[in-house]
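Comments concern the structure below.
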Amino acid sequence: MDMANEIYLYLRQGGLIMVPLILCSCIMWTLILDRAIFFFRLEKKDIELHQMFRILEQDQRPDKHPGIRAYLINQIMSRRTHDRVADKRIIDECAMPLFSRLERFLATIAVLAAVSPLFGLLGTVTGMITTFDVITLFGTGNARAMAGGISEALVTTQSGLLVSIPGLFMSVFLYRQSSRARTRLEEAVMILKRSLK
Numbered sequence: 001m002d003m004a005n006e007i008y009l010y011l012r013q014g015g016l017i018m019v020p021l022i023l024c025s026c027i028m029w030t031l032i033l034d035r036a037i038f039f040f041r042l043e044k045k046d047i048e049l050h051q052m053f054r055i056l057e058q059d060q061r062p063d064k065h066p067g068i069r070a071y072l073i074n075q076i077m078s079r080r081t082h083d084r085v086a087d088k089r090i091i092d093e094c095a096m097p098l099f100s101r102l103e104r105f106l107a108t109i110a111v112l113a114a115v116s117p118l119f120g121l122l123g124t125v126t127g128m129i130t131t132f133d134v135i136t137l138f139g140t141g142n143a144r145a146m147a148g149g150i151s152e153a154l155v156t157t158q159s160g161l162l163v164s165i166p167g168l169f170m171s172v173f174l175y176r177q178s179s180r181a182r183t184r185l186e187e188a189v190m191i192l193k194r195s196l197k
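The letter at position 115 of the sequence shown is residue 115 when you use full-length UniProt numbering, and the numbering goes up by one with no holes.
Now the structure itself:
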């Protein structure tokens, strides 16, 4: 109970700017967890490049493999015509939605991580304005009245950085995961097209 009360007091000290900061943080971490689980599943049990040919020749779907190559093969096999020209077009059509899924939400995560310190800066400005309003009314003799504006300025700045720094690290990490998965998918598409010659 004491910890919940301390968190409440901390958020209250930050003022109204804490509301968009908390929203940014919640949305950003929801998207980060979604993407982290997505990339973990893609790499967990993917099929190797040499297995793709055997699967296509035997017409067996790799249902037990949740990886990106297995997903591509499943999509291709469900639409395959055994005509080389049509099958090459089908490979491209099946790969395009996968490429867009790899980059999904990554820009949003980066924007939310970048916006958070700006909300903190806005809180700093509003806190300093509050402090100067107090100085105008009471002079510098009322330290307790000035403390509210100063704490608002410091708490929002700290909170903005606490949201932003891990968010930026996770954004870079997820971009790297996306790039690795994209490379694996491009290799698979290229090899599948060559095999149809």
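Ideal placement from N, C-alpha and C gives every residue a C-beta, glycine not left out. Everything numeric in this text was worked out from a predicted model, so none of it was measured.
Counting every other CB atom within 10 Å of its CB across the protein chains shown gives residue 85 a total below 16, marking it as exposed. Assigned with DSSP and collapsed to three states, residue 88 falls in helix.
For the pair residue 131 and residue 150, the Cα-to-Cα distance works out to about 6 angstroms. With respect to the 7 angstroms criterion, residue 160 and residue 120 are classified as neighbours on the basis of their beta carbons. Taking the C-beta atoms as reference points, residue 147 is found no nearer than 7 angstroms to residue 69. Comparing alpha carbon positions, the residue from 136, 47 and 99 closest to residue 74 is 47. In the structure shown, residue 81 falls within a coil segment according to DSSP collapsed to helix, strand and coil. For residue 148, the enclosing alpha helix (DSSP H) starts and ends at 143-195.
Its Cα nearest to that of residue 110, the residue 24 stands out among 93, 24, 156 and 49. Around the beta-carbon of residue 190, fewer than 16 other beta-carbon atoms lie within 10 Å, marking it exposed. Residue state for residue 44 is assigned as helix, using DSSP reduced to three classes. Your pair residue 105 and residue 185 does not check out as a contact, with CB atoms roughly 18 angstroms apart and the cut at 8 angstroms. Only residues of its own chain outside the window of five on either side were considered, and among them 11 have a CB closer than 8 angstroms to the CB of residue 22, listed in chain order.
As the crow flies, the alpha-carbon of residue 122 is around 37 angstroms from that of residue 180.
Relative to the Cα of residue 155, the nearest Cα in the group 60, 19 and 2 belongs to 19.
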